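The numbers in the numbering used here rise by one with no breaks, and the one at position 214 of the sequence shown is 625. All residues carry an ideal CB built from backbone N, CA and C; glycine is no exception. From a predicted model like this one, the values you see are computed outputs, not experimental measurements.
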Amino acid sequence: MNTKLLVSFKKLKEINRNLNYVDIIDLKNPLNGAIGSWNSNEIIKAIKLYGKRKRISATLGNLKKPAEIVFKLNEFDEFGLDFIKFGIFTNNLLEIENLFKSISEKLLKTKIVAVFFAENKKSLRFLSRLNQYNIRNVLIDTHAKDSLDLLNLCSIDFLSNLVKKLKKNNIKIGLAGKLKENQIPQLIDLNPDLIGLRSAVCFHNNRKSEICMEKLKKLSFYFKDERRKATEYAGA
412 MNTKLLVSFK KLKEINRNLN YVDIIDLKNP LNGAIGSWNS NEIIKAIKLY GKRKRISATL
472 GNLKKPAEIV FKLNEFDEFG LDFIKFGIFT NNLLEIENLF KSISEKLLKT KIVAVFFAEN
532 KKSLRFLSRL NQYNIRNVLI DTHAKDSLDL LNLCSIDFLS NLVKKLKKNN IKIGLAGKLK
592 ENQIPQLIDL NPDLIGLRSA VCFHNNRKSE ICMEKLKKLS FYFKDERRKA TEYAGA
């Protein structure tokens, strides 16, 4: 299966201009931390406008307490999203376990995506236990968006092994985190289920800026399998 392109959008106008170049629309507010949330009314508008044309994910926001996360999951579960993303902000494995226990007790209609941050190395140990809690979707991202990117924090070998292990356990995995254009081909070669972009498709590579359609159009080329092979064959 080809790796899908997820792009994070900060407002509805960005989506309309760039819809044809993405596989998954991600609703995330880059002005509010690592996984800032959209306003609920705007999320519902996006689903009405684009939900029949593309899969849509939304972030819960930078929530850390299990009770807050579960409450917000229940709210977002009524919107008709394809995916809901929530962050793992702690390195404490017991706290992570308690969070997943709380979530696993809920009968959610929407697929949920656990976002683990590459800076929190200890938390990544919990990935081997996800099957216990019926978590089927994971995103490895970076928390500090103004500093290191994913490949500064994780080696290609580490990510390759991680992708293989999770897929062996029928868990889908996405990779994100201030990625650069020249990193995309080697990450696609790891065969993750998706790659998430924001800064790489924005003007000046600034995630808080506007999306540049020409940059997105160019980067979307890597995710068209037959085109990517043709490009590689041509030596580009």
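Would you identify the three-state DSSP class for Ile582, choosing helix, strand or coil?
Against the sequence shown, residue 582 aligns to sequence position 171. If DSSP states are grouped into helix, strand and coil, Ile582 belongs with coil.
If we call anything under 7 Å between Cβ atoms a contact, is Leu550 one with Gly588?
Working through the sequence shown from its first residue, we reach residue 550 at position 139. Working through the sequence shown from its first residue, we reach residue 588 at position 177. Contact: no.
Give the DSSP-derived three-state secondary structure of Asn427 in the structure shown.
Numbered from its first residue, the sequence shown carries residue 427 at position 16. Note: Asn427 maps to helix in three-state DSSP.
Give the DSSP bridge partners of Arg466, in chain order.
For this step, residue 466 is matched to residue 55 along the sequence shown. As DSSP reads the structure, Arg466 sits in a beta bridge with Ile435.
Give me whichever residues DSSP pairs with Asn548 in a beta bridge.
Indexing the sequence shown from 1 puts residue 548 at position 137. Residue pairing from DSSP places Asn548 in a beta bridge opposite Lys583.
I think Ile436 touches Ile426, with their Cβ atoms under 8 Å apart; what is that distance to the nearest whole Å?
Taking the first residue of the sequence shown as 1, we reach residue 436 at position 25. Taking the first residue of the sequence shown as 1, we reach residue 426 at position 15. Your pair Ile436 and Ile426 checks out as a contact, with CB atoms roughly 6 Å apart and the cut at 8 Å.
Rounded C-beta distance between Leu541 and Ile582? I'm assuming under 8 Å.
Here residue 541 refers to the residue found at position 130 of the sequence shown. Here residue 582 refers to the residue found at position 171 of the sequence shown. 6 Å between Cβ atoms; contact.
Does the stretch 605 to 613 come close enough to the stretch 414 to 422 that 3 or more CB-CB pairs lie under 8 Å?
Flag = yes, the stretch 414 to 422 and the stretch 605 to 613 touch.
Check this for me: beta carbons of Ile599 and Cys613, under 7 Å apart or not?
Within the sequence shown, residue 599 is the residue found at index 188, counting from 1. Within the sequence shown, residue 613 is the residue found at index 202, counting from 1. It is not a contact, given that the beta carbons lie outside the stated cut-off.
Any idea if Phe527 is buried or exposed, counting beta-carbon neighbours within 10 angstroms, 16 or more meaning buried?
For this step, residue 527 is matched to residue 116 along the sequence shown. With 16 or more other Cβ atoms inside 10 Å of its own Cβ, Phe527 counts as buried.
Thinking C-alpha only, which one of Ile467, Ser558, Lys579 is nearest Phe494?
Within the sequence shown, residue 494 is the residue found at index 83, counting from 1. Of Ile467, Ser558, Lys579, the residue nearest in Cα terms is Ile467.
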